[in-house]
Every structure is written in structure tokens, then in C-alpha cells.
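J.: In order, the protein sequence lines correspond to chains F and Z.
First residue of the first sequence: 7, per the numbering used here; consecutive thereafter.
First residue of the second sequence: 233, per the numbering used here; consecutive thereafter.
Handing you a structure now.
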Amino acid sequence: MSARPVEVEVEVGTELPEQVTRVTRADLVRYAGASGDFNVIHWNERVAREVGLPGVIAHGMLTAGIAARAVTAWAGDPGAVVEYSVRFSRPVVVPDDADGAELTVRGRVAALLDDGRVRVDLTVTSGGEKVLSLARAVVALG
Amino acid sequence: MALDAGLVGRSYPPSAVYEVGREKIAEFATAIGDPDPVHRDTAAARAAGHPDVIAPPTFAIVLTLGAGNVVVEDPEVGIDYSRVVHGEQRFTHHRPIRAGDRLVATATIDAVRTVAGNDMLTTRVDLATTDGEPVCTTHSMLVARGAA
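Set out below in C-alpha cells:
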């Protein structure tokens, strides 16, 4: 039960505010420490290229965590997200510069479910390419 | 190497107890750029109806990674970790994870498949309190790319 309910009328097709963020190498280091995922491809260019990647890539779960923010900010309560699923379809390459990679998250209500829950489908892109597919959240708005 | 379908249903012993700390929740929220005070401020969390600060929806990956390693390291699974990428991830929250939770993670092999030479291994991790209250169920699908 959320004490911060969404005040707008929600229907199929309702769009979430677009969220645009940037991910830098520093963000990858910070996420590695916070998550405990120290896979070398997320911080070492040499190793990333050796395994056939175009460069250092973001942790998939960092991308997924940033994308989920678009839902929790819209819902008003992170505790309202009862289900969240993603497929990692394309790596987010993070260049070694101050700007990093851009990440754009769009979302729309795709279905109204029972008990005041709704399904939100997300479109997550970097440089115009989809980086997550089947990114979906079930949110309890009641 | 194709994964053995007989592995499906294999369960592993419960993890050591993981105590969820408020600083860890705040650190994780900062790492995903989430400014919401319900991840940092007990008063804000209580005002939103939670007993204490709650974790972001993807925080459960911290426990899932550790619990999933027992599967990847199982010699009978025989997966080559150097070829592994994270394919899919799902979280089902029975309630939000919050500061002070004492959680135990139990991993089970949920599905194995081989498609076009790539092995796909789905592990379910059940997170429950030490009192047995279910908190979160995660499904992680790893892909081991076939040797070219």
C-alpha cells in the first residue's frame, strides 16, 4: 500500500515522463562496488577488447537499475514495483571521456491488471539503439 | 557443450544470512543515481508506509549474484564462466527489501536450454527472512556463448 499514490488518471497508453541520463566510467566503478559485480569487462578496456567487445560496457543491471528509476519516480513509491524484468539485448559501450554514454528511458502503461496494478513497458535506448528488450514492470498503484 | 536437462530442479543449500544494512541500501541507490529519500531517510520511508528504509527494486541482484555463483561453480553444471553473459533478469517482490532484514538465499536451477550452440541456464533464487517470510524471487538467465 503506497502512501504516495499516483494522482493522475492512468489508462492504457499513459506515457511516463522521459528520463535521459548519462553513464560514465566513474558510474561503472561506483556500481561495481555497490553491487559486488567486479567483472573486468566493466572497467578494463584491454580485457573488454580481448573478449571481443567494442570497449568497456556498462553492467546490464546498472542499465536496468537506471531504467527502473523512471518507473519508481512515476509511481511515487519504489515499493510499488512488485515485478520487474529485462532482457539484455545490446551492450551499452561507455567511452573513456567526461560525457560517457547516454541512456534514454521511455515508458507507457501497456495493461491494466487486477487489484489496481498496471503493467508498464519500457523502451531503453543508448545512441538510438535499443539496449534492453522486454523491459517490463508491474506496479501496484492501489 | 549442451547442458544436461536432468539438472532442472537441482537446489543448493541456503546461503549464509545476509543482513541488509541501511548504508548498503543508500550506497546502491546512489550507484543507480536514485535520489529518493525512502532509500536513505527512515522518517521519509515511514511517511510512505514502510517500517524502515527500503531498497530499490533491483537491489536484490546483490544477493542474487552471490547465490547464483554456487550454480555457475557447480562442476556438474560445467558452464564456462569466461563465455557467460547475463541474458535476462526478473524480480518478483513479495514485499520491499528493507534495512534490518536478515535474508537467506536459496538457488534452484529452473531451466536449461541450448539454442544455436549457446547454453542458456536459468537460476531461480528465493530470498526469505530467517523466519521464513518470502521477500523476493529472482530469475537470472545466463548465456554461455558457444565456441565459434
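No residue lacks a Cβ here, since even glycine has one placed at the ideal position from N, Cα and C.
These numbers come from a predicted model, not from an experiment.
V303(Z) to E15(F), Cα distance in whole Å?
T.: Approximately 45 angstroms, taken between the alpha carbons.
J.: Write down the C-beta distance between T369(Z) and R377(Z) rounded to the nearest angstrom, noting that I regard them as a contact closer than 8 angstroms.
T.: Rounded, the Cβ-Cβ distance is 27 angstroms, inconsistent with contact.
J.: Any C-beta of chain F sitting closer than 7 angstroms to the C-beta of R356(Z)?
T.: So, not an interface residue.
J.: Please determine, among P267(Z), D363(Z), D312(Z) and S247(Z), the residue with the shortest C-alpha to C-alpha distance to L297(Z).
T.: The option with the nearest alpha carbon to L297(Z) is S247(Z).
J.: To the nearest angstrom, how far is the alpha carbon of Q25(F) from that of E108(F)?
T.: Distance between the alpha carbons of Q25(F) and E108(F) is about 10 angstroms.
J.: Under a Cβ-count criterion, where at least 16 other Cβ atoms within 10 Å of its own Cβ denotes burial, should T69(F) be classed as buried or exposed?
T.: So T69(F) ends up on the buried side.
J.: Using a Cβ cut-off of 7 angstroms (strictly closer), state whether L359(Z) contacts chain F.
T.: No - not a single Cβ of chain F is within 7 angstroms of the one on L359(Z).
J.: Using the C-alpha atoms, what's the distance from D333(Z) back to K256(Z)?
T.: If you take the alpha carbons of K256(Z) and D333(Z), they lie about 12 angstroms apart.
J.: Verify the CB distance criterion: does R272(Z) have a CB-CB separation below 7 angstroms to chain F?
T.: Judged by the 7 angstroms Cβ criterion, R272(Z) is not in contact with chain F.
J.: Just the Cα atoms here: how many angstroms apart are S32(F) and G253(Z)?
T.: At residue 32(F) the sequence reads Ala, which differs from the Ser that was named. Approximately 24 angstroms, taken between the alpha carbons.
J.: Per DSSP, what kind of secondary structure is F291(Z) in: helix, strand or coil?
T.: Coil, per DSSP.
J.: Between the stretch 114 to 132 of chain F and chain B, which residues of the former have a C-beta closer than 7 angstroms to a C-beta of the latter?
T.: Looking at the structure shown, chain B is missing, and the protein chains on hand are F and Z.
J.: Going by Cα to Cα distance, which pick from S139(F), V88(F), L147(F) and G133(F) is closest to V29(F)?
T.: That would be G133(F), whose Cα lies nearest to the Cα of V29(F).
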